[in-house]
Amino acid sequence: MELNAQKRGPRLSVQLSGELDHHSAEQTRIMLDTLLRDVTVHELVLDLSGMTFMDSAGLGVILGRFRKLSMRGGKLVVKGMNASVDRIFRMSGLYAIVERQ
Amino acid sequence: MHNEMEVRFLSLSGNEGFARAAAAAFAAQMDPGIEELSDIRTAVSEAVTNAIIHGYDQNRDRIVTMQMEIDGDELTVIVSDNGCGIGDIELARKPFFTSKPELERSGMGFSVMEAFMDSVDVVSEVGKGTVITMRKRIRHAN
């Protein structure tokens with residue numbers, strides 16, 4: 003899992019590349035939470051265009067960050083989903099709670 | 274066409290990716306569509322992850338077995354462990370249920386397997402282990 007982050011005002015844009023499964027979930031969670039320690043972040047935009055695989059462990063990572071942002075009145079946005087990532091987002095109902103760009 | 278394979282690997286999380294790749298490589302001879310192949314990879318990932326996290330409680334020195342069988346246009350994947358077993362299978366299969374909320378699991382593992390495969394059968398005995406059998410008919414979408 004590779005992560006590239008860029009911050010503009012309250013918006014933190016993070017590009018995630020690689021496979022997000024149980025194996026890479028913890029490392030990804032730690033990296034994202036380190037970035038979210040910056041309390042001025044109110045919008046997390048996850049660019050998933052470089053994401054080649056995601057399973058329910060990845061859903062757990064995204065849901066956890068969504069909760070974190072919700073607690074500070076912020077929001078989470080996802081974009082760039084390939085067909086298979088889009089499929090697991092749709093079947094899990096994730097689009098009902100996170101914003102899609 | 275008929276074919277069978279079996280792989281055994283240690284319960285290391287790094288082997289989740291290996292199991293997905295092995296399953297996809299074996300299923301590829303059925304000439305599946307891209308979406309079907311992606312479904313198989315995802316379902317295998319969920320079953321193997323369950324064996325590692327729940328069956329073996331993240332002990333890294335146990336054995337996970339994955340057997341696959343091709344019978345005409347039907348693919349069968351069997352993922353088994355000799356771990357702690359599932360006490361209440363019906364509860365474990367419920368969407369959003371997780372026995373390990375501290376790990377920030379989504380509780381969607383079985384739901385994903387059910388959505389992406391045609392059938393998912395779970396046989397488990399507490400203290401003995403769990404066998405997950407998944408079947409999918411491949412429609413040669415390529």
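These protein sequences, in sequence, are chains A and B. When we follow our numbering, the leftmost residue of the first sequence carries the number 3, and every step to the right adds one. When we follow our numbering, the leftmost residue of the second sequence carries the number 274, and every step to the right adds one. Beta carbons: idealized from backbone N, C-alpha and C, even for Gly.
N- and C-terminal bounds of the alpha helix (DSSP H) containing residue i
| i | result |
| --- | --- |
| Ser-72 of chain A | 58-73 |
| Phe-369 of chain B | Here Phe-369 of chain B belongs to no alpha helix (DSSP H), and DSSP marks it neither H nor E. |
| Glu-319 of chain B | 307-323 |
| Val-385 of chain B | 382-389 |
| Glu-363 of chain B | 362-365 |
Amino acids of chain A, ordered along the chain, whose beta-carbon sits closer than 7 Å to that of residue i
| i | result |
| --- | --- |
| Ile-326 of chain B | His-24 |
| Gly-287 of chain B | His-25 |
| Ala-420 of chain B | Since the displayed chain B opens at 274 and closes at 415, residue 420 of chain B lies outside it and no answer follows. |
Within chain B, partners of residue i - CB distance below 8 Å
| i | result |
| --- | --- |
| Glu-21 of chain A | Gly-290 |
| Arg-31 of chain A | Glu-377 |
is_contact[residue i, chain A] using C-beta, thresh 8 Å
| i | result |
| --- | --- |
| Glu-375 of chain B | no |
| Met-381 of chain B | yes |
| Ser-311 of chain B | yes |
| Asn-415 of chain B | Because the pLDDT of Asn-415 of chain B is 48, which lies under 50, any placement of that residue in the model is unreliable, and the number read from its coordinates should be weighed accordingly. So, not an interface residue. |
| Ala-365 of chain B | no |
| Ser-397 of chain B | no |
| Ala-322 of chain B | Note that residue 322 of chain B is Thr in the sequence shown, not Ala. Yes - at least one Cβ of chain A is within 8 Å of the one on Thr-322 of chain B. |
Run of the beta strand (DSSP E) containing residue i, from where it starts to where it stops
| i | result |
| --- | --- |
| Thr-42 of chain A | Neither: Thr-42 of chain A is in no beta strand (DSSP E) and is coded neither H nor E. |
| Gly-20 of chain A | 13-22 |
| Leu-283 of chain B | 275-283 |
Bridge-paired residues (DSSP) for residue i
| i | result |
| --- | --- |
| Lys-81 of chain A | A:Asp-49 |
| Thr-349 of chain B | B:Glu-342 and B:Arg-408 |
| Ala-104 of chain A | Only positions 3 to 103 of chain A appear in the structure, and residue 104 of chain A is not among them; the question remains open. |
| Arg-102 of chain A | A:Val-80 |
CB contact check: residue i to chain B, cutoff 8 Å
| i | result |
| --- | --- |
| Phe-55 of chain A | yes |
| Met-66 of chain A | One detail in the question is off: residue 66 of chain A reads as Gly in this sequence, not Met. Yes, its Cβ sits closer than 8 Å to a Cβ of chain B. |
| Ser-72 of chain A | no |
| Ser-86 of chain A | yes |
| Val-80 of chain A | no |
Interface partners of residue i on chain A, CB under 9 Å
| i | result |
| --- | --- |
| Val-385 of chain B | Asp-57, Ser-58, Leu-61, Ile-90, Met-93 and Ser-94 |
| Thr-315 of chain B | Phe-55, Met-56, Asp-57, Ser-58, Ser-86, Arg-89 and Ile-90 |
| Ala-295 of chain B | Chain A residues near Ala-295 of chain B: none, gap ~14 Å exceeds 9 Å. |
Neighbour list for residue i in chain A, Cβ cutoff strictly below 8 Å
| i | result |
| --- | --- |
| Glu-347 of chain B | None at all; the shortest Cβ gap to chain A is about 22 Å. |
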